[in-house]
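**Student:** Each position in the sequence shown, counted from 1, maps to that position plus 1399 in our numbering. Sharing a structure here in structure tokens format.
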Amino acid sequence: MYQYLIYCILYLSFLIAETGTDLSNRIIIDGYSNDFTSDEEVINEIHESSSDSYWGEYNDVKGIKVTWDNTFLYLAVDACSWDNNVMLFIDVYDHYGIENMSEVNAWQRSFKFYNINPDYFVGTWDTNDSPQFWKVQEGGALQLEWIQNIETFSTFNTGSIDRSMELKIPWADLQVNMQPITSIKLLSLITSGDDFSGSPDCAPDNLGGISNNSSQMVVLDNYVEIVIDGDNDGNPDLGILPQERATFHKTPPFSPLPLLVENVLFEDGKVFSPSLGEKVYFELETNRGSEFDVKIFNLSGEFIDFSDDEIQTLSWSWDGRDQGGEVVPFGVYILYFIASSGEISQKETVVVVN
Ligand SMILES: [Ca+2]
Ligand SMILES: [Ca+2]
Ligand SMILES: [Ca+2]
Ligand SMILES: [Ca+2]
1400 MYQYLIYCIL
1410 YLSFLIAETG
1420 TDLSNRIIID
1430 GYSNDFTSDE
1440 EVINEIHESS
1450 SDSYWGEYND
1460 VKGIKVTWDN
1470 TFLYLAVDAC
1480 SWDNNVMLFI
1490 DVYDHYGIEN
1500 MSEVNAWQRS
1510 FKFYNINPDY
1520 FVGTWDTNDS
1530 PQFWKVQEGG
1540 ALQLEWIQNI
1550 ETFSTFNTGS
1560 IDRSMELKIP
1570 WADLQVNMQP
1580 ITSIKLLSLI
1590 TSGDDFSGSP
1600 DCAPDNLGGI
1610 SNNSSQMVVL
1620 DNYVEIVIDG
1630 DNDGNPDLGI
1640 LPQERATFHK
1650 TPPFSPLPLL
1660 VENVLFEDGK
1670 VFSPSLGEKV
1680 YFELETNRGS
1690 EFDVKIFNLS
1700 GEFIDFSDDE
1710 IQTLSWSWDG
1720 RDQGGEVVPF
1730 GVYILYFIAS
1740 SGEISQKETV
1750 VVVN
């Protein structure tokens, strides 16, 4: 009777799949993610379609699975890749991380991150079984280092559906200067093996949607966040269901929201006199988070200067001077707002008077 009871408890604890002291017997890093249970799916078919990729169902991300024990974080990405790359980004610390994947020293791709700045990523390609685990320089955004002792495996094989990339990262390798890890943010995607290629599918979906143009810069601005140390005792919480710890920046599914300029506000009008020490102040309102550069041109199309950032975001001024500091001739000037993602641009005019 007792034996039966113990068997039942063991069986149930396997089914429930809570985080526990040691999961290394259950989670095997072999590129097949069926050793994770449904309680460990933080992105699954509820959130992420398997037919939303611009490159079709054979190049699609389907989900992310997560669990952990005292020593390791276990991760799996379910996807299908035919001649392309699968990547998983991990953001542990808010104060630094990759901002622009086209500026890093390895795996250069056309992605910009917004709301998330990954500190680590793992990437693999079709038929490769040894995904590479990379770390961005502590405190930095550009310098990547390949960490070769992390156990990884992937089984993507020329369009075979239902394959995965798995990895097992010692918590100690994710910690910087012994700082405790309270939560992690995750984001996975498909890209190609070519430098500066974009992505036809990410999970969770980004807010602005994805372009069919494979080299178009993609803004990755959504993530799933998993609370690891909810009681703040410095250790990963055990005995919990990872899925219950998962939240999104914006919970999928949702329709993409193309970036729009809703308004450009000129607080004190568009006419100003730089020779009297005046500046023109302007703000831009958009329907979702993005960064913009503002370039100033004269009517002949000559570049004059960049505008100055004000403290508020998407808020600038121009002092009516060119790059050399000289007051520009009176006349009409064009402010050219360009989304840093390259998604949209907008022109406005101002008038310089004597
Ligand atoms: Ca496995
Ligand atoms: Ca997908
Ligand atoms: Ca970060
Ligand atoms: Ca997607």
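We put the CB at the ideal spot given by N, CA and C, even for glycine.
Output the boundary residues of the beta strand (DSSP E) element that contains D1477.
**Tutor:** Taking the first residue of the sequence shown as 1, we reach residue 1477 at position 78. Looking at the DSSP string, the run of the beta strand (DSSP E) that includes D1477 is F1471 to C1479.
**Student:** Classify Q1531 as helix, strand or coil using the three-state DSSP reduction.
**Tutor:** Within the sequence shown, the letter at position 132 stands for residue 1531. Strand, per DSSP.
**Student:** Can S1654 be considered in contact with ligand 4, in the sense that its beta carbon sits closer than 7 Å to one or more heavy atoms?
**Tutor:** Here residue 1654 refers to the residue found at position 255 when the sequence shown is read from its first residue. Checking every heavy atom of ligand 4 against the Cβ of S1654, none is found closer than 7 Å.
**Student:** Give me the Cα-Cα distance between F1705 and T1551, rounded to the nearest whole angstrom.
**Tutor:** Your numbering for residue 1705 matches position 306 in the sequence shown. Your numbering for residue 1551 matches position 152 in the sequence shown. Cα to Cα, F1705 sits roughly 46 Å from T1551.
**Student:** Quick one, are the C-beta atoms of D1459 and I1589 less than 8 Å apart?
**Tutor:** The count along the sequence shown starts at 1 and reaches residue 1459 at position 60. The count along the sequence shown starts at 1 and reaches residue 1589 at position 190. Cβ distance < 8 Å, so D1459 and I1589 count as in contact.
**Student:** With DSSP run on the structure shown, which of helix, strand or coil describes E1440?
**Tutor:** Position 41 of the sequence shown, counting from 1, holds the residue named residue 1440. Reduced to three states, the DSSP call for E1440 is strand.
**Student:** Buried or exposed for G1723, please, with buried defined as at least 16 other CB atoms from any protein chain shown within 10 angstroms of its CB.
**Tutor:** As a working mapping, residue 1723 is identified with position 324 in the sequence shown. Exposed: under 16 other Cβ atoms inside 10 Å.
**Student:** Check whether the Cβ of I1428 lies closer than 7 Å to any heavy atom of ligand 1, and answer yes or no.
**Tutor:** By 1-based counting over the sequence shown, the position of residue 1428 is 29. Yes.
**Student:** Run the proximity test for C1601: is its beta-carbon closer than 7 Å to any non-hydrogen atom belonging to ligand 4?
**Tutor:** For this step, residue 1601 is matched to residue 202 along the sequence shown. Correct: C1601 has its Cβ closer than 7 Å to ligand 4.
**Student:** For D1490 and I1463, which I take to be in contact (beta-carbon distance under 8 Å), what is that distance rounded to the nearest angstrom?
**Tutor:** For the purposes of this step, residue 1490 is taken as residue 91 along the sequence shown, with counting starting at 1. For the purposes of this step, residue 1463 is taken as residue 64 along the sequence shown, with counting starting at 1. Not confirmed; about 13 Å, so no contact.
**Student:** Which of the three DSSP states is assigned to A1645 in this structure?
**Tutor:** Taking the first residue of the sequence shown as 1, we reach residue 1645 at position 246. Of the three classes helix, strand and coil, the one that applies to A1645 here is strand, per DSSP.
**Student:** Which word fits N1621, buried or exposed, when buried means at least 16 other C-beta atoms lie within 10 angstroms of its C-beta?
**Tutor:** For the purposes of this step, residue 1621 is identified with residue 222 of the sequence shown, where counting begins at 1. N1621 should be labelled buried.
**Student:** Which residue wins for smallest C-alpha separation from R1687, given the options P1655, V1693, V1679 and L1675?
**Tutor:** Locating residue 1687 in the sequence shown gives position 288, where the first residue counts as 1. Ranking the options by Cα distance to R1687, first place goes to P1655.
**Student:** Could you name the residues of the same chain whose beta carbon sits closer than 6 Å to that of R1562, not counting the 5 residues immediately before and after it, in chain order?
**Tutor:** In the sequence shown, counting from the first residue as 1, residue 1562 sits at position 163. Closer than 6 Å at the Cβ level, and outside the excluded window around R1562, lie T1554 and F1555.
**Student:** Taking the alpha carbon of N1612 as the point to measure from, which residue in I1426, S1437 and G1741 has its own alpha carbon closest?
**Tutor:** Within the sequence shown, the letter at position 213 stands for residue 1612. Here the closest residue by C-alpha is G1741.
**Student:** Is K1461 near ligand 2, with its Cβ less than 7 Å from a heavy atom?
**Tutor:** Here residue 1461 is taken as the residue at index 62 of the sequence shown, counted from 1. K1461 Cβ: within cutoff of ligand 2.
**Student:** Would you give the residue range spanned by the beta strand (DSSP E) that A1738 belongs to?
**Tutor:** Numbered from 1 along the sequence shown, position 339 holds the residue referred to as residue 1738. Segment G1730 to A1738, the beta strand (DSSP E) holding A1738.
**Student:** Of the choices W1481, E1439 and F1532, whose alpha-carbon is the least far from that of T1466?
**Tutor:** As a working note, residue 1466 is residue 67 in the sequence shown. Among W1481, E1439 and F1532, the Cα nearest to that of T1466 belongs to E1439.
**Student:** With a Cβ-Cβ cutoff of 8 Å, do G1597 and M1616 count as a contact?
**Tutor:** Residue numbering aside, residue 1597 sits at position 198 when the sequence shown is read from its first letter. Residue numbering aside, residue 1616 sits at position 217 when the sequence shown is read from its first letter. Against a cut-off of 8 Å, the Cβ pair of M1616 and G1597 comes out as a contact.
**Student:** Please go through the same chain and pick out, in chain order, the residues whose beta-carbon is closer than 6 Å to the beta-carbon of V1626, but skip the five residues on each side of it.
**Tutor:** Working through the sequence shown from its first residue, we reach residue 1626 at position 227. For V1626, where only same-chain residues beyond five positions count, the Cβ hits under 6 Å are S1582 and R1644.
**Student:** For ligand 3, list every residue whose C-beta falls under 5 Å from any of its heavy atoms, going in chain order.
**Tutor:** That query returns the following residues: D1490, Y1492, G1496, N1516 and D1518.
**Student:** Here's the rule I'm using: 16 or more other beta-carbon atoms within 10 Å means buried, otherwise exposed. How should I1445 be labelled?
**Tutor:** Within the sequence shown, numbered from 1, the residue matching residue 1445 stands at position 46. When all chains shown are included, I1445 counts as exposed.
**Student:** With a threshold of 8 Å on Cβ separation, who are the neighbours of W1533 within its own chain once the five nearest residues in sequence on each side are excluded?
**Tutor:** Counting from one through the sequence shown, the residue named residue 1533 turns up at place 134. Counting only Cβ-Cβ distances below 8 Å, and skipping sequence neighbours, we find A1505, W1506, Y1519, F1520, V1521, G1522, L1543, E1544, W1545 and I1546.
**Student:** Distance, Cα to Cα, E1498 vs S1509?
**Tutor:** In the sequence shown, counting from the first residue as 1, residue 1498 sits at position 99. In the sequence shown, counting from the first residue as 1, residue 1509 sits at position 110. Distance between the alpha carbons of E1498 and S1509 is about 11 Å.
**Student:** Tell whether a beta-carbon distance below 8 Å holds between F1702 and S1739.
**Tutor:** For this step, residue 1702 is matched to residue 303 along the sequence shown. For this step, residue 1739 is matched to residue 340 along the sequence shown. No, the pair does not count as a contact, with Cβ atoms beyond the cut-off.
**Student:** Cβ-heavy atom distance between S1449 and ligand 2 below 7 Å?
**Tutor:** Taking the sequence shown and counting its residues from 1, one reaches residue 1449 at position 50. At least one heavy atom of ligand 2 is nearer than 7 Å to the Cβ of S1449, so yes.
**Student:** I'd like to confirm something about E1565: is its beta-carbon nearer than 7 Å to some heavy atom of ligand 1, or not?
**Tutor:** Taking the first residue of the sequence shown as 1, we reach residue 1565 at position 166. Yes - ligand 1 has a heavy atom lying nearer than 7 Å to the Cβ of E1565.
**Student:** Classify L1664 as buried or exposed, calling it buried when 16 or more other Cβ atoms lie within 10 Å of its own Cβ.
**Tutor:** Here residue 1664 refers to the residue found at position 265 when the sequence shown is read from its first residue. Exposed, since its Cβ has fewer than 16 Cβ neighbours within 10 Å.
**Student:** How long is the line joining the alpha carbons of V1660 and W1717, rounded to whole angstroms?
**Tutor:** What you label residue 1660 is simply residue 261 of the sequence shown in a count that begins at 1. What you label residue 1717 is simply residue 318 of the sequence shown in a count that begins at 1. The straight-line gap from Cα to Cα measures roughly 20 Å.
**Student:** What did DSSP end up calling W1506 once you bin it into helix, strand or coil?
**Tutor:** Counting from 1 along the sequence shown, the entry for residue 1506 is found at position 107. Reduced to three states, the DSSP call for W1506 is coil.
**Student:** Taking the beta carbon of G1607 as the centre, do at least 16 other beta carbons fall within 10 Å, making it buried, or is it exposed?
**Tutor:** Reading the sequence shown from its first residue, position 208 is the one you call residue 1607. Classification for G1607: buried.
**Student:** Using the rule of at least 16 other Cβ atoms within 10 Å of the residue's Cβ for burial, across every protein chain shown, is N1634 buried or exposed?
**Tutor:** Within the sequence shown, numbered from 1, the residue matching residue 1634 stands at position 235. By the 10 Å Cβ count, N1634 comes out exposed.
**Student:** Taking 8 Å as the cut-off, decide whether the C-beta atoms of D1721 and P1651 are in contact.
**Tutor:** For this step, residue 1721 is matched to residue 322 along the sequence shown. For this step, residue 1651 is matched to residue 252 along the sequence shown. Not in contact: D1721 and P1651 (Cβ atoms no closer than 8 Å).
**Student:** Could you check the C-alpha separation between E1537 and D1600 for me, to the nearest Å?
**Tutor:** As a working mapping, residue 1537 is identified with position 138 in the sequence shown. As a working mapping, residue 1600 is identified with position 201 in the sequence shown. Going by the C-alpha atoms only, they are around 28 Å apart.
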